[in-house]
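For reference, the structure discussed in these notes is given below.
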Amino acid sequence: ISFLCSYPPLLLSLPFSSPYDLSPPKPVDVLRILDLSEDMEGVSLEAGLCTSREGREETDISFKINKKVQLSVPTKQLFPGDFPVDFSVLATVRSQRGAQVFLLSLYDLQGTQQLGLEVGRSPVFLYEDQQGLPPPELYPTFRKINLADGKWHRVAYSVEGQSVTLFLDCEKVESLELQRGLNPEVSTEGVTVFGTRLLDDQVFEVGLCWR
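Mapping to the UniProt record's numbering: the sequence shown position 126 is 126, numbers consecutive.
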């Protein structure tokens, strides 16, 4: 299974930390914190999404990661404080046709998956708060789209309140109900895994644009 990401590679965009903090929120560059490098075994470079950009001569360069590479990091390195209640996730991806895998997964200390971004046909947005809400049968599922069609896609999930909205290639797809608790929490005491889930045998190849 192969999977490619280009610019922006993988960002978590956070809201203001408090109503008194007027500074713009800073996104969390997940791949930078994972310290991805072409010097790693199984990592190579290739062309990214755009072969040309206005005002720039060089093309996008992407990391290609094969299935030998599994990346993880303590979630505290991504979020030294609390995980935000409302947030957005942005990525530019190209998946092999027919793939059905998780791009990013957050686990607590007990190994419970709290957040999962699936790439495939009718992708699921997996989210589970400290109360176990929503239950798996109520995870938001975006049945109108297929992210595993072998094409590049700009994907953005925006979580706010009791809903999650999917934007695909800069167009809003739909908003679905996210039946979490009124004061939802996601633990940062566990681990964040890129490219697979803890219990999955299946991983994918990925290319990640770095310029």
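Beta carbons: idealized from backbone N, C-alpha and C, even for Gly. Being a predicted model, the structure only gives us computed values, none of them experimental.
C-beta atoms of residue i and residue j nearer than 8 Å
i: residue 115; j: residue 103; result: no
i: residue 191; j: residue 107; result: yes
i: residue 142; j: residue 174; result: yes
i: residue 188; j: residue 86; result: no
i: residue 148; j: residue 119; result: yes
i: residue 97; j: residue 152; result: no
i: residue 99; j: residue 155; result: no
i: residue 168; j: residue 157; result: no
i: residue 140; j: residue 176; result: yes
i: residue 164; j: residue 105; result: no
i: residue 46; j: residue 62; result: yes
Beta-bridge partners of residue i, as assigned by DSSP
i: residue 74; result: 191
i: residue 87; result: 159
i: residue 112; result: Paired residue(s): none; residue 112 is not in a bridge.
i: residue 146; result: 121
i: residue 185; result: Looking at the DSSP assignment, residue 185 forms no beta bridge with any residue, so it has no partner.
i: residue 38; result: Answer is none; residue 38 lacks a bridge partner.
i: residue 167; result: 156 and 172
i: residue 177; result: 163
Nearest to residue i (by Cα), restricted to the options the options
i: residue 101; options: 121, 35 and 191; result: 121
i: residue 228; options: 117, 178 and 91; result: For the chain, the structure presents residues 1 to 211; residue 228 sits outside this window and is missing.
i: residue 32; options: 42, 72, 41 and 119; result: 72
i: residue 195; options: 70, 30 and 41; result: 70
i: residue 89; options: 162, 64, 27 and 189; result: 27
i: residue 64; options: 79, 135 and 43; result: 43
i: residue 29; options: 45, 75 and 40; result: 75
i: residue 180; options: 166, 162 and 137; result: 162
i: residue 132; options: 150, 146 and 113; result: 113
i: residue 130; options: 110, 117 and 146; result: 110
Segment limits, alpha helix (DSSP H) that includes residue i
i: residue 32; result: 30–33
Extent of the continuous beta strand (DSSP E) run through residue i
i: residue 128; result: It is not in any beta strand (DSSP E) - residue 128 carries neither H nor E in the DSSP assignment.
i: residue 102; result: 101–107
C-beta neighbour in chain B for residue i, strict 8 Å
i: residue 147; result: Included in the structure is just one protein chain, with no chain B present.
Contact test: residue i Cβ vs the ligand PLP heavy atom, cutoff 7 Å
i: residue 109; result: Summarising the ligand content, the structure contains no ligands, and the ligand PLP is consequently not present.
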